[in-house]
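Visitor: So the number in the working numbering is just where the residue sits in the sequence shown, counting from 1, plus 446. We put the CB at the ideal spot given by N, CA and C, even for glycine.
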Amino acid sequence: MQASPFRHWTLPVVALLALLVASDPLPAPTALAPGDTAPTLSGTTIPDKQRFQADWSQHELTLVNFWATWCIPCRDEMPLLEELYQRTKERGFHIIGPCDLRSIDTVEEFLAEVEVSYPIIRPHGKVSHFWSGTQIKPTSFLIDRNGRILRKYVGAKPEQTEGLVADVEAVLDGREMPSQVIPAEPALPEEFMDRRDREQPGDSR
């Protein structure tokens, strides 16, 4: 029986298709904004190393708070977020804290000083790509149970944190969120930048 003339092409073609699929570039990142659908978010919890997958439908509101150990404003903001979480979690408020991770030891040392009970995670995948616009720390997103981003917060000045708290309480009370003017790129103090560069600079993936 004569072999098909296409037989010798089969494996090279399959290999080429597999290569094209594997090398398919990601779409260009677009900074997330209110009204967008929140991307998926998974990771490993710190310090207990449990697999974590965000499920927006499990809570009325979820705050995704991107932070880093070198971030001075994060250190000031996180105790206030913990207080808000403890006060409103029974009403359906949740917080997830993806960390800009360089060293597990550094994160655990930080959390020994700044204790929080909501999940802190080491994100999986290309989180900085799909959650674009989180280079400044802290950056937070308030997300409803349908996965819709309600508001984005960049920085942690006292008036911004107060606005975040007011938003959470308003939504849980069934009221509209108050109007706010949130700076897109807040000025960062010099000591903030120095500490970031000193503590293993780089972009987490």
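Along the chain, where does the beta strand (DSSP E) containing HIS570 start, and where does it finish?
Guide: Counted as a single uninterrupted DSSP element, the stretch harbouring HIS570 is not any beta strand (DSSP E), since DSSP gives it neither H nor E.
Visitor: Taking the alpha-carbon positions, what's the SER563 to GLY601 distance?
Guide: 22 Å
Visitor: Taking PHE539 as the reference, which of PRO624, VAL611, SER625, PHE576 has the closest Cα?
Guide: VAL611
Visitor: Could you name the residues of the same chain whose beta carbon sits closer than 8 Å to that of ALA616, not counting the 5 residues immediately before and after it, in chain order?
Guide: GLU622, MET623, PRO624
Visitor: Per DSSP, what are the beta-bridge partners of PRO544 in this structure?
Guide: ILE567
Visitor: Which residues mark the beginning and the end of the beta strand (DSSP E) in which VAL510 is found?
Guide: For VAL510, the enclosing beta strand (DSSP E) begins and ends at 507-512.
Visitor: What does the alpha-carbon distance come out to for the pair VAL560 and GLY481?
Guide: 32 Å
Visitor: Where does the unbroken beta strand (DSSP E) through VAL600 begin, and where does it stop?
Guide: 595-600
Visitor: So, does the region 501-515 touch the region 526-544, judging by three or more C-beta pairs under 8 Å?
Guide: yes
Visitor: What separation, rounded to the nearest whole angstrom, lies between the Cα atoms of LYS495 and LYS603?
Guide: Taking the straight line from one Cα to the other gives about 32 Å.
Visitor: Starting from LEU588, trace the beta strand (DSSP E) both ways and give me its first and last residue.
Guide: 585-590
Visitor: Would you mind working out which of SER586, THR476, ALA484, ALA477 sits nearest ASN592, comparing C-alpha positions?
Guide: ALA484
Visitor: Can you tell me where the beta strand (DSSP E) holding ARG537 begins and where it ends?
Guide: It is not in any beta strand (DSSP E) - ARG537 carries neither H nor E in the DSSP assignment.
Visitor: Which of helix, strand or coil does DSSP assign to SER625?
Guide: coil
Visitor: Should THR476 be labelled buried (16 or more other beta-carbon atoms within 10 Å of its own) or exposed?
Guide: exposed
Visitor: For GLN499, which of GLU608, ARG597, GLY579, HIS570 has the nearest alpha-carbon?
Guide: HIS570
Visitor: Are the CB atoms of CYS520 and LYS598 within a distance shorter than 8 Å?
Guide: no
Visitor: Beta strand (DSSP E) containing GLN499: first to last residue?
Guide: 497-499
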